[in-house]
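Residue numbers (the working numbering): 186 to 417.
Think of the CB as a built atom: it goes at the ideal place given N, C-alpha and C, for glycine as much as any other residue.
Only a predicted model underlies this, so the values are computations on that prediction, with no experimental measurement involved.
One structure is given here, and the rest of the page talks about it.
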Amino acid sequence: EEHIDFNEVARGDYVELAPGLLKFVVRPGSGETPGKGARVTVHHSTHLSSGRRVSTSLLGRRVEPFSFSLAGAKALEAWVRAVSTMQLGEIAWVKSLPSFAYGDLGAPPLIPASEELWFKLELVDTQCRRTFHMFKELAPALDQGEEHLAIGREDIKRHAFVQGRLACRRVLHGIPDKLLVGASSGQFARFATLERSALLNQALCSMKLAELEGDADRRNSFWKNVSEVCTR
186 EEHIDFNEVA RGDYVELAPG LLKFVVRPGS GETPGKGARV TVHHSTHLSS GRRVSTSLLG
246 RRVEPFSFSL AGAKALEAWV RAVSTMQLGE IAWVKSLPSF AYGDLGAPPL IPASEELWFK
306 LELVDTQCRR TFHMFKELAP ALDQGEEHLA IGREDIKRHA FVQGRLACRR VLHGIPDKLL
366 VGASSGQFAR FATLERSALL NQALCSMKLA ELEGDADRRN SFWKNVSEVC TR
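Written out as structure tokens, the structure is:
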């Protein structure tokens, strides 16, 4: 709609994402919320506090959603914080103070200075962070592995087991065996810790997802492999 009565919207249940940033769910989604660093795609509409719509991705000559990374600086902070809590297919209103949107300056001529805004967001797609570099030296490769492990652990904490498992798989993808040749004892110990943690967290995610349930041979083989690595 071109004009919305936000007094009605504000009577609904909401989640406080931060002081001055509220989310009102219009339509629940399904599945997991996007992982840290995920690339997301949203349909969006922006309304002034008066209720007047000033922009939308759903009308005009180019009806096209907007894609951005949750780890980047391409989108408004209000969007990043809100979308991080949304499930695929979810539609929500987000009420935002200027500090989470266009600030004291606004975005003339459409958005006045220091304007409180309402955003209608629909999460239409999400893709896990998959990229990693193939380093020629071990030290930066280990740093990258630890970064992906931290991402995986955060995913697991919020029960995003599919994304957590993918992040933990990426821990070792950027550390080929050739980089371990000539490694110091400290570097090898660091790698061994990463390897164990990545495998154990993958195993946890797999069990939580019930992928191995009902297949005793596969389950026993899987845990045997994990045990061999963890007892090296």
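Euclidean distance between Cα positions of residue i and residue j
i: residue 283; j: residue 271; result: 21 Å
i: residue 397; j: residue 379; result: In this predicted model, residue 397 has a pLDDT of only 46, less than 50, meaning its place in the structure is not dependable enough to derive any value.
i: residue 353; j: residue 269; result: 20 Å
i: residue 357; j: residue 383; result: 8 Å
i: residue 340; j: residue 386; result: 11 Å
i: residue 275; j: residue 308; result: 6 Å
i: residue 373; j: residue 365; result: 7 Å
i: residue 225; j: residue 233; result: 24 Å
i: residue 190; j: residue 390; result: 44 Å
i: residue 235; j: residue 279; result: 15 Å
i: residue 394; j: residue 359; result: 25 Å
i: residue 207; j: residue 348; result: 26 Å
i: residue 248; j: residue 227; result: 12 Å
i: residue 267; j: residue 376; result: 36 Å
i: residue 346; j: residue 295; result: 41 Å
i: residue 230; j: residue 217; result: 23 Å
i: residue 192; j: residue 335; result: 41 Å
i: residue 285; j: residue 350; result: 32 Å
i: residue 333; j: residue 327; result: 10 Å
i: residue 221; j: residue 381; result: 22 Å
i: residue 361; j: residue 388; result: 21 Å
i: residue 318; j: residue 330; result: 10 Å
i: residue 303; j: residue 311; result: 22 Å
i: residue 209; j: residue 305; result: 9 Å
i: residue 321; j: residue 369; result: 16 Å
According to DSSP, residues forming a beta bridge with residue i
i: residue 393; result: The partner list for residue 393 (beta bridge, DSSP) is empty, contrary to what the question assumes.
i: residue 203; result: 206
i: residue 303; result: 232, 280
i: residue 311; result: 225
i: residue 318; result: According to DSSP, residue 318 bridges with nothing at all.
Residue i classed as buried or exposed, judged by whether at least 16 other C-beta atoms fall within 10 angstroms
i: residue 337; result: buried
i: residue 300; result: buried
i: residue 342; result: exposed
i: residue 355; result: buried
i: residue 204; result: exposed
i: residue 244; result: exposed
Cβ-heavy atom distance, residue i to the ligand ADP, below 8 Å
i: residue 273; result: For the structure depicted, the ligand ADP is absent and the ligand set is empty, with no information on it obtainable.
Residue range of the alpha helix (DSSP H) that includes residue i
i: residue 350; result: 346-358
i: residue 336; result: 323-342
i: residue 260; result: It is not in any alpha helix (DSSP H) - residue 260 carries neither H nor E in the DSSP assignment.
i: residue 191; result: 191-194
Residue i, enclosing beta strand (DSSP E) - first and last residue
i: residue 239; result: 238-241
i: residue 253; result: 251-254
Is the stretch 210-222 close to the stretch 231-242, with three or more CB pairs under 8 Å? no
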